[in-house]
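Below is one structure, written out as structure tokens; comments come after it.
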Amino acid sequence: MKRIYSFEVAAPQNAGGLNNPSKIMVNQARAVDKARLIKRIGHLQSEIIKRI
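Take the sequence shown: its position 1, counting from 1, is numbered 0 in numbering that gives the first Met the number 0, and each next residue is one higher.
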């Protein structure tokens, strides 16, 4: 994973069901209608959500 900017939050491998270390790109947030969601993939720990 490359540099983490101030508008991004690091999400370690296995966080919320991730297979690889990732970053949450807060500047790319989108609204999605609940009807389009098929199944829950995972969830993030509260400490990661607080950083968002």
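Just so you know, even glycine gets a beta-carbon here, dropped at the ideal spot from N, CA and C.
Return the residue from the list the options that minimises the CA-CA distance to residue i.
| i | options | result |
| --- | --- | --- |
| Ser45 | Ala10, Arg39, Val31 and Asn26 | Ala10 |
Rounded to whole angstroms, what is the Cα-Cα separation between residue i and residue j?
| i | j | result |
| --- | --- | --- |
| Gly41 | Leu17 | 8 Å |
| Arg50 | Pro20 | 16 Å |
| Lys38 | Ala30 | 17 Å |
Once you ignore the five residues that flank residue i on each side, which residues in its own chain have a CB closer than 6 Å to its CB?
| i | result |
| --- | --- |
| Asn26 | Phe6 |
If you drop the 5 nearest sequence neighbours on each side, which residues of the same chain put their C-beta closer than 7 Å to that of residue i?
| i | result |
| --- | --- |
| Ile3 | Ala9 and Lys22 |
In chain order, what residues of the same chain lie with their CB nearer than 8 Å to the CB of residue i, ignoring the 5 residues before and after it?
| i | result |
| --- | --- |
| Gly15 | Ile40, Gly41, His42, Leu43, Gln44 and Ile47 |
At the 8 Å Cβ level, is residue i part of the contact set with chain D, yes or no?
| i | result |
| --- | --- |
| Arg29 | Judged by its chain identifiers, the structure shown contains no chain D, having just a single protein chain. |
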